[in-house]
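Just below is one structure, and these are the notes that go with it.
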Amino acid sequence: MNLGQRVIYQIYPRSFQDSNGDGFGDLQGVIQRLDYLADLGVDMIWLSPFYPSPQNDNGYDVQDYCAVDPKFGTMVDFDQLVTQAKERGMEIMLDMVFNHTSTEHEWFQKALAGDPYYQDYYYLRPLKADGSLPTNWHSKFGGPAWERFGQTDQYYLHLYDRTQADLNWHNPQVRQEIYRIINFWLDKGVKGFRFDVLNVIGKPTDLVDSQIPGSLEERALYTDQPIVHEWIKEMNQATFAKDPTFITVGEMSSTSVPAGVQYTNPQEQELSMIFSFHHLKVDYAEGEKWSNPPVDFLKFKRIIDEWQVGMTQGWNALFLNNHDQPRATSRFGNPDQYPYETATLLATTIQFLRGTPYLYQGEEIGMTNPNFTSIHDYQDVETKNYYQLMLADGLSEEEALAIIQAKSRDNSRTPMQWNDQAHAGFTQGQPWIAVASNYPQVNVAREREEDHIFAYYQSLIRLRKALPVIQEGSYRGLLLDHPSIMAYVRELETDQGLDQLLVLGHFGEGRLEVDLPEEFQGRKAEKLIGNGASPATYQGQNQLILDAFETVVYRFS
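Put into structure tokens, the structure is as follows:
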């Protein structure tokens with residue numbers, strides 16, 4: 038299986054397309070848009086959770102892993118989606134949330150009812166002798182990571198929302214339940230899984246206090262523990278190993294390059310690839326997400342370079358956007374003045390790297406953060422929690438809202454902008470969250486008429502499928518100290534000689550003259566793709582002039 042040839046498209050179902058007018062996207066809505074996705078050229082559709090859920094964390098609090106929430110449709114709808122996607126040459130990837138269940142899940146409810154068998158499915162601990170919580174750990178959504186277990190004297194662990202109770206993977210019965218669930222979906226024709234926060238499943242049996250509560254030191258107590266690799270290997274052999282074409286990707290929070298290699302080196306028989314997030318923490322003040330400094334561009338480049346070089350024996354998932362991240366156009370560019378240039382620069386930068394590209398709904402038309410003007414427009418539980426925490430820390434409402442506008446997960450969860458009609462063509466009803474106000478200018482219908490950003494994405498996907506140098510070639514970073522240029526080389530030895538791509542991107546406004554490395558001076562090359570006025574034939578000059586947010590790729594052979 039050539040992972041470098043694949044392109045995967047993430048759909049956040051509740052925001053993609055509503056088919057029945059209830060303001061909530063659904064599976065039939067996805068089916069209605071399959072021709073659009075096939076035309077874009079993607080191979081696989083990753084669906085965020087559509088399982089029954091109280092929706093406290095927009096479906097990542099799962100109540101039943103083997104059913105479809107009526108909000109999204111029925112299992113018949115899902116079966117139809119699998120079949121119709123296959124007819125168009127696309128497969129389905131599902132989101133598997135196995136670090137925790139909803140507290141409404143049958144297992145947790147049986148545990149609450151006093152069944153010791155199911156109580157061992159979770160981390161239950163008494164208070165310490167001094168009356169304090171079992172550990173001083175912080176929830177990643179704010180506040181303590183422990184909640185009282187019903188009316189008992191026990192407390193349960195929740196690394197995320199208090200309605201998301203962490204599963205005890207040390208219990209072999211828990212692992213067997215998980216493998217049963219995976220095999221259920223394999224039998225349904227699913228061809229890929231994305232595993233949510235997979236590298237935090239390995240909490241030690243002896244839970245100890247953090248020296249610095251809420252810090253990276255605390256996260257290291259339960260992140261990338263050696264037992265995680267054992268459990269992933271076991272899961273692999275019990276489930277998807279039977280299908281060598283199956284694709285798996287693990288969401289790995291705060292992981293390291295060596296751990297990433299171990300998760301994804303084919304010899305380890307764990308996962309196909311991983312998501313790492315360090316490159317998307319370059320606008321965190323002292324590691325704090327809920328802040329709003331400018332992007333540290335040099336840090337961004339160096340992190341990309343570190344992971345490209347370090348993962349030579351592993352495999353990266355390539356992305357700038359997903360359901361948990363602000364829109365990359367708003368984060369790394371200037372979509373107001375340079376919408377086409379910004380979107381296509383970011384796409385080129387990511388899609389020419391070594392790995393498997395993931396697109397997130399709307400990035401192929403240049404969608405942006407909505408910049409809602411009231412906290413009441415936001416729906417995300419993490420956003421609401423941290424807004425209150427920022428106010429408690431002394432920030433004004435205006436200061437807190439500015440940070441929310443930049444960092445809220447809802448930035449990427451606003452409805453897909455299909456046209457300039459009411460609610461951007463997403464629904465005939467009232468959408469569950471407001472549509473971004475720029476939808477009359479930024480929408481699919483307009484993009485298809487103008488052959489603009491969408492057409493550029495189509496070209497990028499065609500190139501990846503056609504050129505082995507993109508799929509398999511090595512990576513080498515260039516100009517790593519340049520304050521506004523992203524540059525790297527992809528190389529592959531072929532029967533015809535060295536196939537070499539030079540990728541350049543200008544992350545800035547105005548015109549810039551770039552001094553090229555000596556190895557490219559005096560040589561000729563053809564322009565493979567670009568979003569600006571760079572010449573179609575590179576004649577071996579020592580410099581290139583790039584306009585604002587311009588990108589270009591030259592092919593040497």
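Residue 558 in this note's numbering is what sits at position 521 of the sequence shown, and the numbering runs on without skipping anything.
C-beta atoms are modelled at their ideal positions from N, C-alpha and C, and glycine is treated no differently.
Predicted model only: the values in this text are computed from it and were never measured.
Quick check on residue i: does DSSP put it in helix, strand or coil?
| i | result |
| --- | --- |
| Ile218 | helix |
| Ser496 | helix |
| Gly297 | helix |
| Val99 | coil |
| Thr410 | coil |
| Arg339 | helix |
| Ala573 | coil |
| Asp72 | helix |
| Glu487 | helix |
| Val551 | strand |
| Ile402 | helix |
| Ala322 | strand |
| Gln558 | coil |
| Gln213 | helix |
| Gln388 | helix |
| Ile507 | helix |
| Gln580 | strand |
| Glu546 | coil |
| Gln65 | helix |
| Asn456 | coil |
| Ala471 | coil |
| Gly41 | helix |
Just to check my reading of the structure: residue i and residue j have Cβ atoms closer than 8 Å, yes? What is that Cβ distance to the nearest angstrom?
| i | j | result |
| --- | --- | --- |
| Gln306 | Ala278 | 7 Å |
| Val526 | Leu538 | 7 Å |
| Leu161 | Phe186 | 6 Å |
| Gly466 | Asp55 | 7 Å |
| Ser309 | Asn236 | Contact doesn't hold; Cβ gap of about 15 Å is too wide. |
| Trp479 | Met404 | Reading off the sequence shown, one finds Val at residue 479, where the question assumed Trp. Right, the Cβ-Cβ distance comes to about 6 Å (below 8 Å), so this counts as a contact. |
| Met453 | Gln398 | 5 Å |
| Gln350 | Asn302 | 5 Å |
| Gly58 | Thr464 | 6 Å |
| Ala524 | Leu541 | 5 Å |
| Thr385 | Thr574 | Not quite, the Cβ-Cβ distance comes to about 19 Å (not below 8 Å), so this is no contact. |
| Phe230 | Leu84 | 11 Å between Cβ atoms; not a contact. |
So who's on the other strand from residue i, going by DSSP bridges?
| i | result |
| --- | --- |
| Lys564 | Tyr591 |
| Phe463 | None, per the DSSP bridge assignment. |
| Gln201 | Ser139 |
| Leu535 | Glu530 |
| Pro394 | Leu355 |
| Gln47 | Trp83, Tyr397 |
| Ala524 | Leu515, Leu541 |
| Phe598 | The requested residue 598 is not part of the displayed model; the chain covers only 38 to 594. |
Nearest CA to the CA of residue i: which residue from the options?
| i | options | result |
| --- | --- | --- |
| Pro376 | Tyr46, Lys147, Gly545 | Gly545 |
| Glu128 | Lys228, Tyr476, Gly547, Tyr88 | Lys228 |
| Ala492 | Glu401, Glu436, Ala471 | Glu401 |
| Val234 | Trp144, Met133, Arg212, Trp222 | Met133 |
| Pro330 | Asp63, Ile441, Asn39 | Ile441 |
| Leu196 | Glu434, Asp98, Asp152, His266 | Asp98 |
| Leu40 | Phe283, Arg446, Val332, Val346 | Phe283 |
| Arg280 | Ser313, Trp222, Pro86 | Arg is not the amino acid found at residue 280; the sequence shown has Asp there. The shortest C-alpha separation from Asp280 is found at Trp222. |
| Glu325 | Tyr423, Ala429, Tyr494 | Tyr423 |
| Asp320 | Val294, Phe369, Ala354, Ser293 | Phe369 |
| Glu271 | Lys225, Thr260, Val211 | Val211 |
| Leu535 | Gly510, Gly126, Asn359, Leu515 | Gly510 |
| Gln416 | Arg51, Tyr46, Gln42 | Arg51 |
| Ile238 | Phe135, Gln299, Ser474, Ala473 | Phe135 |
| Tyr154 | Asn205, Thr120, Arg199 | Asn205 |
| Thr366 | Lys336, Asp342, Ile490, Ser433 | Ile490 |
| Asn456 | Glu484, Arg199, Glu436, Gly431 | Glu484 |
| Gln576 | Gln47, Ala562, Thr242 | Ala562 |
| Phe586 | Ser411, Thr379, Lys564 | Thr379 |
| Met81 | Gln156, Leu396, Asp333 | Leu396 |
| Phe337 | Asp518, His137, Phe109 | Asp518 |
| His413 | Asp246, Asp152, Asp447 | Asp447 |
| Leu500 | Pro394, Tyr476, Thr451, Leu516 | Pro394 |
| Lys444 | Asn359, Ile507, Asp488, Ala471 | Asn359 |
Within the 8 Å Cβ cut-off, does residue i reach chain D?
| i | result |
| --- | --- |
| Ile82 | This model lacks chain D altogether, as it is built from one protein chain only. |
Self-check item: Length at least 3, wholly inside the stretch 425 to 449: the beta strand (DSSP E) runs in chain order
Solution: Those beta strand (DSSP E) runs which fall completely within the stretch 425 to 449 and span 3+ residues do not exist here.
Exercise. Enumerate, from N- to C-terminal direction, the unbroken alpha helix (DSSP H) stretches of 4 or more residues contained entirely within the stretch 109 to 196.
Key: Within the stretch 109 to 196, the alpha helix (DSSP H) runs of at least 4 residues that lie entirely inside it are, in chain order, 112 to 124, 143 to 149, 153 to 156.
Practice problem: Identify every run of the alpha helix (DSSP H) within the stretch 337 to 382, keeping only runs that are complete inside it and at least 4 residues long; order them along the chain. | Solution: Listed in chain order, they are 365 to 369.
Quiz prompt | alpha helix (DSSP H) segments (min. 4 residues) lying fully within the stretch 249 to 287 | solution = Uninterrupted alpha helix (DSSP H) stretches at least 4 residues long and entirely within the stretch 249 to 287 occur at 253 to 257, 263 to 275, given in chain order.
Exercise. Note down, one range per segment and in chain order, each beta strand (DSSP E) of at least 3 residues found wholly within the stretch 218 to 242.
Key: Qualifying beta strand (DSSP E) stretches, in chain order: 229 to 232.
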